[in-house]
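Have a look at the structure below before the remarks.
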Amino acid sequence: MSDALDNRIEPGGAEAESSSNSAPPILEVSDLHVRYGANVALEGASLTVSRGQICGLVGMNGSGKSTLFKSITNSVSYQKGSIKVAGIDANQARKQRLIGYVAQNEEIDWDFPVNVNQVVMMGRYGFMGPTRRPKSADVAAVQAALEMVELQDLQQRQIGALSGGQKKRVFIARAIAQGAPLLLLDEPFAGVDKYSETNIVDLLRKISAKGTTVVVSTHDLASLEKLCDEVVLLYRRVVYQGDPAGALDPQNLAKAFGLNPAASGGGQ
């Protein structure tokens, strides 16, 4: 993989690694409250994600997963609470390009003649200035990202001609090219087959091994143990955070999916 991208993901090399124990968590969410009019989306959600982890964010539709991501990326306003990324306010972190985000559904015209390379290059726009003319570092970062997602041979292909799983990998590559230390993925397994899902799991593991922290929202409970280092169960607030095995406990799942734990046979 290119040194240009490695240096962005792992700034400082061995010195950065030796100081990682004293560094703040990559993501800190404290007492977050979000309302859409009279509808409560998040009510006192708090969580911390350590650097270099893959964290799964699990909950039913309407549990607040997408709202949490949109709050972190400053796409929605929150009424109370705080969000820090790498120890600084999330809004400042976004301006410093410390947050990569892959939406569940990308707003793109699949018939528009744009190829894979051009889409991934969009992840470098923040480094180019108003002219958006790529420099050698931008080209190197794009090639490294394409290599990581194993799509370098398809980089001249029109984005609309790809399979669902390939499209997902293109948008992940765009986020990788940005070089952010925190990567958020909203339902990356939605609409892909099992083969593509396995490829995405392997890809996210490779990204994490390079030092990037990955937070994935998902409904797919079966993928938790093979993908995640830790899991957050969300039902407007965090009802569980810990190892994947604990997340699959029936009592915790009952809380996350809006049921009475006692009624589900899980005890108190």
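Sequence positions in the sequence shown follow the working numbering and run 4 to 271. All C-beta atoms in this analysis are idealised placements derived from N, C-alpha and C, irrespective of residue type, glycine included. Note that this is a predicted model, so its numbers are computed, not measured.
Item, Value
"Cβ contact check for the segment 116 to 128 and the segment 58 to 77: 3 or more pairs under 8 Å", "no"
"CB of residue 56 within 9 Å of CB of residue 199, strictly", "no"
"First through last residue of the beta strand (DSSP E) which encompasses residue 149", "Careful: residue 149 lies outside any beta strand (DSSP E), inside the alpha helix (DSSP H) at 139 to 151."
"Neighbour-count burial assignment, residue 259, 16 or more Cβ in a 10 Å radius", "buried"
"Euclidean distance between Cα positions of residue 252 and residue 158", "43 Å"
"Separation of residue 254 from residue 144, as counted between CA atoms", "45 Å"
"Presumed contact (8 Å Cβ cut-off) between residue 174 and residue 109, rounded CB distance", "6 Å"
"Every unbroken beta strand (DSSP E) within the segment 148 to 205, with a cutoff of 3 residues, ordered by chain", "185 to 189"
"Three-way DSSP call (helix, strand, coil) for residue 109 in this model", "coil"
"Spatial neighbours of residue 228 in its chain, beta-carbon cut-off 6 Å, leaving aside the 5 residues before and after", "247"
"Inter-residue Cα distance where the pair is residue 154 and residue 146", "9 Å"
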